[in-house]
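Asker: Using the working numbering, the first residue of the sequence shown is number 8, and each one after it goes up by one. We put the CB at the ideal spot given by N, CA and C, even for glycine.
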Amino acid sequence: MTDNEVQRGLEDVIALESQICFIDGKKGRLLYRGYDIRDLAQYSTFEEVAYLLWNGRLPTADQREALRARLGELRTLPEPVMRIVSEMPQGGNAMDVLRTAVSALGAFTPAETGAASTSVASAERLTAILPAIIGQLHRARQGLPPVAPMTGGSHAAWILHAIRGTPATDLEIRSMDAALILHADHDLNASTFAARVTASTLSDIYSAITSAIGALKGPLHGGANERAMELLEEIGTLDRVEEVVRSKLAHHERIMGFGHRVYKVEDPRATIMREWSRRIGEAKGNLHYYELLRKEEQVVFAEKKLYPNVDLYSGSIYALLDIPKYLFTPIFAASRVSGWTAHVLEEYQDLRLIRPTSRYVGPTDVPYVSIEKRS
Ligand code: SDX
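1. Please determine whether the Cβ atom of Ala197 lies at a distance below 7 Å from any heavy atom of the ligand SDX.
2. Determine the burial state of Arg362: buried for a count of at least 16 other Cβ atoms within 10 Å of its Cβ, exposed for fewer.
3. Compare the beta carbon distance of Met236 and Ala326 with 8 Å and say whether it is the shorter of the two.
4. Between which two residues does the beta strand (DSSP E) holding Asp31 run?
5. What does the alpha-carbon distance come out to for the pair Ile330 and Gly32?
6. In the structure shown, what three-state DSSP assignment does Pro315 receive?
7. Can you tell me whether DSSP reads Tyr213 as helix, strand or coil?
8. Among all the DSSP beta bridges, which residues are the ones paired with Phe265?
9. Could you pull out every residue in the same chain whose Cβ sits closer than 6 Å to the Cβ of Arg343, ignoring the five residues on either side in sequence?
10. Tell me whether Gly266 counts as near the ligand SDX, meaning its Cβ is closer than 7 Å to at least one heavy atom of that ligand.
11. What are the boundary residues of the beta strand (DSSP E) that Arg36 is part of?
12. For the ligand SDX, any of its heavy atoms closer than 7 Å to the Cβ of Met280?
13. Can the beta-carbon of Pro275 be found closer than 8 Å to that of Gly41?
14. Using a Cβ-Cβ distance cut-off of 8 Å, determine whether Ser218 contacts chain C.
15. Let me know the secondary structure DSSP gives Asp192 once reduced to three states.
16. Pop quiz: Ile419 and Leu334 are said to be a contact at Cβ under 8 Å. What is the actual Cβ separation, rounded to whole angstroms?
17. Spatial neighbours of Glu273 within its chain, please: CB distance less than 6 Å, with the 5 preceding and 5 following residues excluded, ordered by chain position.
18. Within 10 angstroms of its Cβ, does Leu245 collect 16 or more other Cβ (buried), or is it exposed?
19. Considering Cα atoms alone, identify which of Tyr39, Gly159 and Ala22 is closest to Ile30.
20. Under the rule that 16 or more other beta-carbon atoms within 10 Å means buried, what is Ile21, buried or exposed?
21. Could you check the C-alpha separation between Arg301 and Arg90 for me, to the nearest Å?
22. If you scan the stretch 144-193 from start to end, which runs of the alpha helix (DSSP H) of 4 or more residues do you find wholly inside it?
23. Should Gln356 be labelled buried (16 or more other beta-carbon atoms within 10 Å of its own) or exposed?
24. Can you tell me whether Ala231 sits near the ligand SDX, meaning its C-beta is under 7 Å from at least one heavy atom of the ligand?
25. Can you tell which of Leu352, Val269 and Glu131 has its C-alpha closest to the C-alpha of Thr208?
26. What does the Cβ neighbour count give for Glu24, buried or exposed, with the cut at 16 atoms within 10 Å?
27. Compute the Euclidean distance between the alpha carbons of Leu60 and Ser345, then round it to the nearest angstrom.
28. Ordered along the chain, which non-local residues of its own chain (more than five positions away) have a Cβ less than 8 Å from that of Val248?
29. With DSSP as the reference, label Tyr42 as helix, strand or coil.
30. Are at least three pairs of beta-carbons, each pair with one atom in the stretch 53-70 and one in the stretch 289-296, less than 8 Å apart?
31. How would you write the range of the alpha helix (DSSP H) that Thr199 sits in, first residue to last?
32. So what does DSSP say about Ala22, is it helix, strand or coil?
33. Taking contact to mean 3 or more Cβ pairs, one atom from each stretch, closer than 8 Å, check whether the stretch 149-158 and the stretch 98-117 are in contact.
34. Around the C-beta of Ile216, are 16 or more other C-beta atoms found within 10 angstroms, so that it is buried, or is it exposed?
35. Taking one C-beta from the stretch 63-77 and one from the stretch 192-207 each time, how about it: are there three or more such pairs within less than 8 Å?
36. Can you give me the C-alpha to C-alpha distance between Asp103 and Lys380, rounded to a whole angstrom?
What follows is the structure, encoded as structure tokens:
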């Protein structure tokens, strides 16, 4: 790449140095602070991973329990924010509610005014409170009273409780915990980059996370998990997979949950999510989504040599956890807020205003014409 070449979408442009996340797109490797995601997904919990992203090392057992206790104390929505969430339009996109509520949280948290006052405590509060927003918007849409914040319990259990209001089995909690670990961070994806651009102006962490939520909503990014499920609903039965997918590809439509800007082989997160989709499907006696997705993978690879990404199987797991489709992307945000806040803190620690340039290709030296003489 020469200095003056335009890299559309900033593809392969190295914008900054970071110690948080490493992706080897050719080998399909993903590391958080040097730890392989496969080890973290198998042996750790979301609380350990959030601690790792924020502090650069895995916690001791005591440190993990202390973090879990702190997160448990931070789950209550301020009353004005609760009202805002409850009064948002019922049929709207849930990511609009999440974005609005986080922005409002910032307005009711005057202490957060940029790098100097921001610490891991802000990251913990945002991480703890997002499930409360998601749960409240869901309860309000069902005309149900708010669910009281769960005292104790894991973050994964809290998310399931906030949305469903019912106890979760160990397997349900473990599958949600694995999904949260796998979605926690991913280097300079669009929403994380949006958060870092905002933080690089010395704006506050709530503004940075509001920027990130707006970016994650897009169907080319986090919004893909809901659309991947919509396609399964459109396909309906196994015998229709090939016909529907081929038709969409023939019309140059994108199959959501496939392809990636960085991975040139299978997204390692998809590998693990596929296995969880099978496990939770077997436990629930419902492999319908899993089987449709396996067939979808075969057709898309045969036609386009594209691999699945993290968004392909996540919805099949959430659906079997009785989570409605319109909350799939908010759940992505409830995990990724740990990575977003880690990047915001890193930006504050080694700050450089992020301001690229463009190659101007418009007209120059255009003579000014007064309005009376314009036609
Ligand atoms: C996430 O960046 C991250 O790390 C994001 C993420 C994270 O953890 O933060 O990993 C999470 O956002 C995963 C991606 C979720 N999005 C989708 O599943 C949407 C569908 N996928 C695509 O739109 C696409 O693959 C992107 C946006 C993810 C990446 O696109 P690129 O790198 O810009 O590649 P491209 O659009 O230039 O496509 C290259 C070719 C094109 O074919 P031609 O026009 O050259 O013939 O591949 C085709 C595309 O049409 N293609 C697809 C496709 N993805 C790419 N064709 C059909 N279906 C697809 N999904």
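Answerer: Taking the geometry as given:
1. Remark: the shortest separation between the CB of Ala197 and any heavy atom of the ligand SDX falls under 7 Å.
2. exposed
3. yes
4. Cys28 to Asp31
5. 31 Å
6. strand
7. helix
8. Answer is Pro315, bridged to Phe265.
9. His190
10. yes
11. Arg36 to Tyr39
12. no
13. No, the Cβ-Cβ distance between Pro275 and Gly41 is not below 8 Å.
14. Protein chains in the displayed structure number just one, and chain C is not present.
15. If DSSP states are grouped into helix, strand and coil, Asp192 belongs with coil.
16. Nothing can be reported for residue 419, as the shown portion of the chain is limited to 8 through 382.
17. Gly35 and Tyr314
18. exposed
19. Tyr39
20. exposed
21. 43 Å
22. Annotation note: the stretch 144-193 contains the following uninterrupted alpha helix (DSSP H) runs of length 4 or greater, listed N- to C-terminal: 162-171 and 177-190.
23. exposed
24. yes
25. Leu352
26. exposed
27. 7 Å
28. Ile242, Leu299, Lys302, Glu303 and Val306
29. strand
30. no
31. Ala197 to Ser207
32. Of the three classes helix, strand and coil, the one that applies to Ala22 here is coil, per DSSP.
33. no
34. buried
35. Taking 8 Å as the limit for Cβ pairs, the verdict is that the stretch 192-207 does not touch the stretch 63-77.
36. 45 Å
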